[in-house]
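Enquirer: Below you'll find the structure I mean.
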Amino acid sequence: MHFPPATRQKETGLHDLMVSRNLLPRIVLWLCCASGAAVLADELPTDGGQPRKARSVHQLAAYLKDAPLEARADFALAVLSELIGAYSRETVQARAALRGSRGNRDLSRWVRAVDGLILDLQGLLDALSPETPVQISERDAETVYLIVGGSPVLLNGPRASERAMLEQRVLERFCSRNYCDDLFEDELPHAAASATLESLPLWRFSDQGGPVCASGDGLELQFRSAFDLGHKREICSRMVAELNSLITALRTNTSDGKPVEWKYLAINPDPGTDLQRVIFNAAGDYLLLSLPSLSGAQQFFRASLPWVAARVEDRRYNLVILNAEEKLGLPVAEPENTDP
41 MHFPPATRQK ETGLHDLMVS RNLLPRIVLW LCCASGAAVL ADELPTDGGQ
91 PRKARSVHQL AAYLKDAPLE ARADFALAVL SELIGAYSRE TVQARAALRG
141 SRGNRDLSRW VRAVDGLILD LQGLLDALSP ETPVQISERD AETVYLIVGG
191 SPVLLNGPRA SERAMLEQRV LERFCSRNYC DDLFEDELPH AAASATLESL
241 PLWRFSDQGG PVCASGDGLE LQFRSAFDLG HKREICSRMV AELNSLITAL
291 RTNTSDGKPV EWKYLAINPD PGTDLQRVIF NAAGDYLLLS LPSLSGAQQF
341 FRASLPWVAA RVEDRRYNLV ILNAEEKLGL PVAEPENTDP
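The opening position of the sequence shown corresponds to residue 41 in the working numbering, with each subsequent residue numbered one higher.
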């Protein structure tokens, strides 16, 4: 894989500016005002506390280099999002410094250049989809390099001293959406997101099978293709969230002395409301819950019941639901164009 040589510049307190194919005038402007930017970096406060020790983003980049396109696009999403955040925070501080100074022309020009950079990065992020071509490489031992839809992007933030924190944020963002257990043998980068794990399922991609949506506690939805992946992400999140709401309600019901008779468990609409009746015994006793997605995907609901029952009883149970599109009523692949 060949990548064009990267533009080099003097080391300053504000680190290498990422390169996009439309940024040459801004790079020239950046180089002209590098000295003013260096003063700003010395004067502005950094984030409080020491940055946490980052996992190796290079390990993740090396793993994703030949990964399916959907996983590489998700890595690009994490990189672009965190770069936009890092440079946006820097310009906020720079503008505050400008208000306290008298016409710092270098700093003012730097702010305008970075504003343009943020717009370009936002444009790449807005256009990003699971089908966007993304190449991942490492320029050297310290820099991860991406080509996103034909535009080069360096994983370098505005402050060299905060590189570890930026890389950690990229790792945590990626691993909050994707399954990273196979990549890291010790503490997982997505551990910080564990509090929301139940409503934010993780994804795995491989060339041997379709994408997998995993609840993180035993339930996996195996899709046959990555077609309409954004919608599949959305519906899988809704299904996992509603299943967890159901489990919580059934646990409460069991603790109140009304055990669930699993063969009678059913979800039906509640007449006159937007809620659903969860019937849980032969007598027809029910709970009123908001489970619209589960109610509309009865085949998936029935397939998930062994896992639901185990969770209610605090047992570990691993369940893989194959051909998830069929059970959720989703198309497997994009319809063929039959127009003459």
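Cβ atoms here follow ideal geometry from the backbone N, Cα and C, with glycine treated the same way. All of these numbers come straight from a predicted model, not from anything done at the bench.
Under 8 Å between the Cβ atoms of isoleucine 176 and leucine 104?
Expert: In the sequence shown, residue 176 corresponds to position 136, counting from 1. In the sequence shown, residue 104 corresponds to position 64, counting from 1. It is a contact, given that the beta carbons lie within the stated cut-off.
Enquirer: Can you grab the Cα-Cα spacing for the pair aspartate 257 / alanine 137, in whole Å?
Expert: Counting from one through the sequence shown, the residue named residue 257 turns up at place 217. Counting from one through the sequence shown, the residue named residue 137 turns up at place 97. C-alpha separation (whole angstroms): 48 Å.
Enquirer: What does the alpha-carbon distance come out to for the pair alanine 322 and methionine 205?
Expert: Taking the sequence shown and counting its residues from 1, the one referred to as residue 322 is at position 282. Taking the sequence shown and counting its residues from 1, the one referred to as residue 205 is at position 165. Each residue's alpha carbon lies about 56 Å from the other.
Enquirer: In this structure, how does DSSP classify alanine 364 when only helix, strand and coil are distinguished?
Expert: For the purposes of this step, residue 364 is taken as residue 324 along the sequence shown, with counting starting at 1. Helix, per DSSP.
Enquirer: Quick check: the Cα distance between alanine 23 and proline 170, rounded to an integer number of angstroms?
Expert: Given that the chain is displayed from residue 41 to residue 380, the structure contains no residue 23 and the question cannot be resolved.
Enquirer: Three or more beta-carbon pairs under 8 Å between the stretch 142-151 and the stretch 116-125, yes or no?
Expert: Short answer: they don't touch.
Enquirer: In chain order, what residues of the same chain have a beta carbon less than 6 Å from the beta carbon of glutamate 51, not counting five sequence neighbours either side?
Expert: Residue mapping note: residue 51 aligns to position 11 of the sequence shown, counting from 1. Because glutamate 51 sits at a pLDDT of 31, beneath the cut-off of 50, its placement in the model cannot be relied upon, and the following sentence gives the value as read from the coordinates. Nothing meets the Cβ criterion.
Enquirer: Residues in the same chain with beta-carbon distance under 7 Å from alanine 101, minus the five sequence neighbours each way, listed in chain order, please.
Expert: Walking along the sequence shown from the start, residue 101 turns up at place 61. Closer than 7 Å at Cβ, skipping near neighbours: Ile176, Glu178 and Val184.
Enquirer: Quick check on the burial criterion: 16 or more other C-beta atoms within 10 angstroms. Buried or exposed for lysine 272?
Expert: Here the question's residue 272 lines up with position 232 in the sequence shown. Classification for lysine 272: buried.
Enquirer: Decide if the stretch 341-350 is in contact with the stretch 310-318; the criterion is three or more beta carbon pairs, one per stretch, under 8 Å apart.
Expert: No: fewer than three Cβ pairs fall under 8 Å.
Enquirer: Give me the Cα-Cα distance between leucine 269 and glycine 312, rounded to the nearest whole angstrom.
Expert: The count along the sequence shown starts at 1 and reaches residue 269 at position 229. The count along the sequence shown starts at 1 and reaches residue 312 at position 272. So the alpha carbons of these two residues sit roughly 34 Å apart.
Enquirer: What would DSSP say about valine 79, mapped onto helix, strand or coil?
Expert: Indexing the sequence shown from 1 puts residue 79 at position 39. Its pLDDT being 36, under 50, valine 79 is placed unreliably by the model, and the measurement read from it follows with that caveat. Looking at valine 79 - three-state DSSP - the assignment turns out to be helix.
Enquirer: What span of residues does the beta strand (DSSP E) with tryptophan 243 cover, start to end?
Expert: Working through the sequence shown from its first residue, we reach residue 243 at position 203. Where tryptophan 243 is concerned, the enclosing beta strand (DSSP E) stretches over 242-244.
Enquirer: From the DSSP output, in three-state form, read off alanine 306 for me.
Expert: Reading the sequence shown from its first residue, position 266 is the one you call residue 306. Three-state DSSP puts alanine 306 in a strand.
Enquirer: Is it buried or exposed for serine 246, if we count other Cβ within 10 angstroms and need 16 for buried?
Expert: Counted from its first residue, the sequence shown places residue 246 at position 206. Serine 246 comes out exposed.
Enquirer: In this structure, how does DSSP classify serine 330 when only helix, strand and coil are distinguished?
Expert: As a working note, residue 330 is residue 290 in the sequence shown. Three-state DSSP puts serine 330 in coil, outside helix and strand.
Enquirer: Rounded to whole angstroms, what is the Cα-Cα separation between glycine 336 and serine 285?
Expert: Taking the first residue of the sequence shown as 1, we reach residue 336 at position 296. Taking the first residue of the sequence shown as 1, we reach residue 285 at position 245. Between glycine 336 and serine 285, the C-alpha separation is close to 16 Å.
Enquirer: Give me the Cα-Cα distance between isoleucine 158 and arginine 209, rounded to the nearest whole angstrom.
Expert: Numbered from 1 along the sequence shown, position 118 holds the residue referred to as residue 158. Numbered from 1 along the sequence shown, position 169 holds the residue referred to as residue 209. When rounded, the distance between both Cα atoms is 18 Å.
Enquirer: Among Gly125, Ser141, Gln248 and Ala113, which residue has its Cα nearest to the Cα of isoleucine 187?
Expert: Sequence index remark: in the sequence shown, residue 187 carries index 147 (1-based). Minimum Cα distance to isoleucine 187 is reached at Ala113.
Enquirer: Given this structure, state the Cα-to-Cα distance separating leucine 165 from isoleucine 124, to the nearest angstrom.
Expert: Reading the sequence shown from its first residue, position 125 is the one you call residue 165. Reading the sequence shown from its first residue, position 84 is the one you call residue 124. Near 9 Å, if we compare the C-alpha coordinates of isoleucine 124 and leucine 165.
Enquirer: When the Cα atoms are used, what is the spatial distance from leucine 329 to glycine 249?
Expert: On the sequence shown, position 289 is the one that residue 329 refers to. On the sequence shown, position 209 is the one that residue 249 refers to. About 35 Å.
Enquirer: Should proline 173 and glycine 163 be called a contact, given that it needs their Cβ atoms to be closer than 8 Å?
Expert: The sequence position of residue 173 within the sequence shown is 133, counting from 1. The sequence position of residue 163 within the sequence shown is 123, counting from 1. No, the Cβ-Cβ distance between proline 173 and glycine 163 is not below 8 Å.
Enquirer: Can you tell me which of Ala373, Tyr304 and Asn363 puts its alpha carbon nearest to the alpha carbon of phenylalanine 267?
Expert: Position 227 of the sequence shown holds residue 267. Selected option, being the one with the closest Cα: Ala373.
Enquirer: Figure out for me which residue from Ala350, Val97 and Pro371 has the closest Cα to the Cα of leucine 195.
Expert: Within the sequence shown, residue 195 is the residue found at index 155, counting from 1. Answer by Cα proximity: Val97.
Enquirer: Tell me whether tyrosine 304 is buried or exposed, calling it buried when 16 or more other Cβ atoms sit within 10 Å of its Cβ.
Expert: As a working mapping, residue 304 is identified with position 264 in the sequence shown. That one is exposed.
Enquirer: For glycine 197, count the other beta carbons within 10 Å of its own beta carbon; 16 or more makes it buried, fewer makes it exposed. Which is it?
Expert: Start at 1 with the first residue of the sequence shown, and residue 197 comes out as number 157. Counting Cβ neighbours within 10 Å, glycine 197 comes out buried, since at least 16 surround it.
Enquirer: Rounding to the nearest angstrom, what Cα-Cα distance links serine 191 and tyrosine 127 in this structure?
Expert: Counted from its first residue, the sequence shown places residue 191 at position 151. Counted from its first residue, the sequence shown places residue 127 at position 87. Going by the C-alpha atoms only, they are around 18 Å apart.
Enquirer: How long is the line joining the alpha carbons of asparagine 363 and arginine 264, rounded to whole angstroms?
Expert: Translated into positions along the sequence shown, residue 363 becomes position 323. Translated into positions along the sequence shown, residue 264 becomes position 224. So the alpha carbons of these two residues sit roughly 6 Å apart.
Enquirer: Applying the 10 Å Cβ sphere with the 16-neighbour rule, what's the burial state of leucine 64?
Expert: As a first step, residue 64 must be located in the sequence shown, where it is residue number 24. Unreliable positioning characterises leucine 64 in this predicted model, as indicated by a pLDDT of 34, which lies under 50. The coordinate reading is nonetheless provided below. Classification of leucine 64: exposed, given that the 10 Å Cβ count is below 16.
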